[in-house]
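Participant:
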Amino acid sequence: GENVEQHPSTLSVQEGDSAVIKCTYSDSASNYFPWYKQELGKRPQLIIDIRSNVGEKKDQRIAVTLNKTAKHFSLHITETQPEDSAVYFCAASSSGGSNYKLTFGKGTLLTVNP
Amino acid sequence: ETGVTQSPTHLIKTRGQQVTLRCSSQSGHNTVSWYQQALGQGPQFIFQYYREEENGRGNFPPRFSGLQFPNYSSELNVNALELDDSALYLCASSPDSSTDTQYFGPGTRLTVL
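Residue numbers (this note's numbering), protein chains in the order written: chain A, 200 to 313; chain B, 3 to 115.
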């Protein structure tokens with residue numbers, strides 16, 4: 200089955216700096232890669248996603264890049280703010296029949312220091 | 003449009019007991035997936051329900067079972083609870099089974115003593 204590795208497990212940056220989180224996946228059939236932000240005690244919130252027919256996608260301060268050949272994708276957050284502090288999860292979607300199961304990485308705890 | 007809701011918020015059970023968790027999908031969504039999130043880990047797929055039928059299952063034993071109702075709400079049942087079942091249980095809904103985007107509920111925190 201699919202396996203998703205995520206690095207780093209913790210990341211501390213100064214407010215205004217950029218943050219980059221990287222993930223690799225194993226199943227070449229995966230074609231959907233969402234990123235979720237989870238604040239303490241709250242639900243995972245979808246912040247951006249990318250499909251395999253696209254190499255990069257941006258939404259304001261957040262961007263995701265995908266390299267299908269190398270099977271890795273990355274989340275880039277620019278001009279970080281304290282409210283960006285949270286755990287970020289990458290995931291890959293492997294479809295078994297008509298079922299879109301998400302396989303998650305172990306998460307990255309991002310701390311943005313004021 | 004209402005988001006995904008789950009009940010209860012927290013639950014404490016003892017080993018060997020049975021538990022039922024509930025999920026109401028987002029308005030217009032007919033597919034519900036359940037995930038287990040252990041402390042410090044990413045969510046792990048338990049199973050998915052589409053139009054009242056199980057539509058895929060992860061590596062969880064048969065004591066984890068589910069139901070989906072005609073209004074697309076869903077239940078997760080866990081029998082013979084073990085200490086390792088302590089986790090946050092999340093449900094996520096999708097517009098249909100062929101859509102990969104999933105929206106999560108707030109979760110139910112289950113503690114097994």
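Beta carbons: idealized from backbone N, C-alpha and C, even for Gly.
Which of helix, strand or coil does DSSP assign to A/D283?
Facilitator: By one-based count along the first sequence, residue 283 of chain A stands at place 84. Correct three-state label for A/D283: helix.
Participant: Closest to B/Q28 by C-alpha separation, out of B/T22, B/N81, B/T7, B/R53, would be which residue?
Facilitator: Taking the first residue of the second sequence as position 1, residue 28 of chain B is located at position 26. Residue B/T7 is the option with its Cα nearest to B/Q28.
Participant: Which same chain residues, not among the five before or five after A/G306, have their C-beta less than 6 Å away from its C-beta?
Facilitator: As a working mapping, residue 306 of chain A is identified with position 107 in the first sequence. Same-chain partners within the cutoff: V286, F288.
Participant: Are the CB atoms of B/Q20 and B/V80 nearer to each other than 8 Å?
Facilitator: On the second sequence, position 18 is the one that residue 20 of chain B refers to. On the second sequence, position 78 is the one that residue 80 of chain B refers to. In this structure, B/V80 lies closer than 8 Å to B/Q20 by Cβ.
Participant: State the Cα-Cα distance for the pair B/E84 and B/L92, rounded to the nearest angstrom.
Facilitator: Residue 84 of chain B sits at position 82 when you count from the first residue of the second sequence. Residue 92 of chain B sits at position 90 when you count from the first residue of the second sequence. Going from the Cα of B/E84 to the Cα of B/L92 covers about 18 Å.
Participant: For the segment 32-53 of chain B, which residues have a beta carbon sitting closer than 7 Å to at least one beta carbon of chain A?
Facilitator: Here the close residues are Q43, G44, P45, F47, Q50.
Participant: Using a C-beta to C-beta distance shorter than 7 Å, which residues of chain B count as neighbours of A/P207?
Facilitator: As a first step, residue 207 of chain A must be located in the first sequence, where it is residue number 8. Chain B residues near A/P207: none, gap ~14 Å exceeds 7 Å.
Participant: How about the segment 71-80 of chain B and the segment 201-214 of chain A: do they share at least three Cβ pairs that are nearer than 8 Å?
Facilitator: Verdict: no, contact absent.
Participant: Just to make sure I have the definition right: I need the residues of chain A whose C-beta is within less than 9 Å of the C-beta of B/D87. Which are they?
Facilitator: In the second sequence, residue 87 of chain B corresponds to position 85, counting from 1. What B/D87 touches in chain A: nothing, since even the nearest Cβ is about 19 Å away.
Participant: Are the C-beta atoms of B/T113 and some chain A residue less than 8 Å apart?
Facilitator: The sequence position of residue 113 of chain B within the second sequence is 111, counting from 1. No, because no Cβ of chain A sits closer than 8 Å to the Cβ of B/T113.
Participant: Within the same chain, show all residues whose beta-carbon is closer than 8 Å to that of B/L13, passing over the 5 residues directly before and after it, in chain order.
Facilitator: Here residue 13 of chain B refers to the residue found at position 11 of the second sequence. Cβ neighbours of B/L13 beyond the five flanking positions: V21, L23, T110, R111, L112, T113.
Participant: Measure from the C-beta of B/P108 to each C-beta in chain A and report whether the shortest distance is under 8 Å.
Facilitator: Working through the second sequence from its first residue, we reach residue 108 of chain B at position 106. Yes, its Cβ sits closer than 8 Å to a Cβ of chain A.
Participant: Could you name the residues of chain B that A/S292 contacts, counting a contact when the two beta carbons are closer than 7 Å?
Facilitator: Taking the first residue of the first sequence as position 1, residue 292 of chain A is located at position 93. D102, listed in chain order.
Participant: Helix, strand or coil: which one does DSSP assign to B/L85?
Facilitator: Taking the first residue of the second sequence as position 1, residue 85 of chain B is located at position 83. Correct three-state label for B/L85: helix.
Participant: So that I know if they touch, is there some Cβ in chain B lying closer than 8 Å to that of A/L245?
Facilitator: Your numbering for residue 245 of chain A matches position 46 in the first sequence. At least one chain B Cβ lies under 8 Å of A/L245.
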